[in-house]
Structure formats: structure tokens, C-alpha cells
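Numbering (this note's numbering), first residue to last: 16 to 212.
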């Protein structure tokens, strides 16, 4: 009996996140109606409050899901580019390029920070930061990067990629901003490379 209840709760949670993701992408956070959203999936506002606390909590769950997907996609792209510097660079650039995706733009990069605050404090960003720190530590250990503090380098790389994505999302001309952001990100990141004497 308890197992079925847990399954139902998880199913309701998934339904609400999927419906909210669609509504937030199409209408934006402010215009999305919680009554319409819950009715669409056959649930009550009570189910929403029980699972997420409020509309803001639901947005946090949606942002976490999308941002986690973005990080996974960036890591896959990085892995295809190679295990090392090229992979780390490709990962950061892939994250920046995702700012052109309308769903990412509206939910994660515009509404997310406006409603949830500083993205660097989000759990999904923290997970991404740890993966970047591990990659930086590995590259420092291999002698590819300067022997700087790995956490500081990871925070600055992650922050640069995030801020480039935020810039693109907020721009009236995102297609024009993207190549500028990618070029500058690459130049900044290259400053970490160890130069051979």
C-alpha cells in the first residue's frame, strides 16, 4: 500500500513538472496559471502545494530538471571532443550555445534568476561546478593547466559560461552575441593553459 502511494506521488510530481515546463516555456512564469496547469494533468492545487510548496517551488523543480539536462548534454559534447582541455572547453561552449534554445532561454536564464535568485546557488549549478572542478584538477595533475587553485578555476570557468549564457538570453540579438561570447570564453579559458618554457 505504501509503495503504491509513493509511486502515485512520484507520478503526480512528474506530471506537474512536465505540465509546468510546457506552460513556463510557452507563457513565461508570471503568466502561467497554476489552476490551468493542475487541471491539464487532472490534479488539484493541493497536489501542487503538497509536492512543491508553491509556484516558485515548482519553477525550482523545472529549472533543476532543465539545468541538469543542459549539464549532461554539455558533458556528452565535451566527452566527444576529447578527455582533456578540448573536452573542458567544448563543454563550456556547449553550455553557452544552449542559451539559444527558447525553453532554456525563457525558463532557466530569464525567469529562473528573476524568481529564484543567483543561479550559482542552485543545486544543479553546484553539481556542474563539482564536475568542472574534477576536470580542472585532472588537467592540473597532467600538467596541462597552470597550478592554480582548482576550485577557483572551476568557479571562474563555470561563472563565465553561465554569464555568457545569461547575456545571450537577455540580448535582443542572441545570434549576434553568441559568437562574441564563445570567442571571449575561449580566450579567457586559454589563460589557464600552461605554456611550455
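We put the beta carbon where it would ideally sit given N, CA and C, even for glycine. On a predicted model such as this, the values are computed, not experimentally measured, just so you know.
Residues of its chain near residue i, where Cβ-Cβ distance is below 6 Å and the 5 sequence neighbours each way are ignored
i           : result
residue 30  : 56
residue 151 : 165, 168 and 169
Outcome for residue i when other beta-carbon atoms lying within 10 angstroms are tallied against a minimum of 16
i           : result
residue 20  : exposed
residue 18  : exposed
residue 139 : buried
residue 141 : exposed
residue 148 : buried
residue 36  : buried
Closest Cα partner of residue i within the set the options
i           : options              : result
residue 180 : 69, 192, 137 and 79  : 192
residue 110 : 80, 126 and 143      : 143
residue 32  : 131, 167, 52 and 197 : 52
residue 129 : 188, 62, 184 and 200 : 184
Continuous alpha helix (DSSP H) stretch holding residue i: start and end
i           : result
residue 171 : 165 to 185
residue 140 : 138 to 156
residue 88  : 70 to 96
C-alpha distance - residue i paired with residue j, whole-angstrom precision
i           : j           : result
residue 2   : residue 155 : One cannot answer for residue 2 here, as it falls past the ends of the chain, which runs 16 to 212.
residue 133 : residue 97  : 31 Å
residue 66  : residue 28  : 6 Å
residue 114 : residue 99  : 24 Å
7 Å Cβ shell around residue i - same chain, five flanking residues per side excluded
i          : result
residue 89 : 106, 109 and 110
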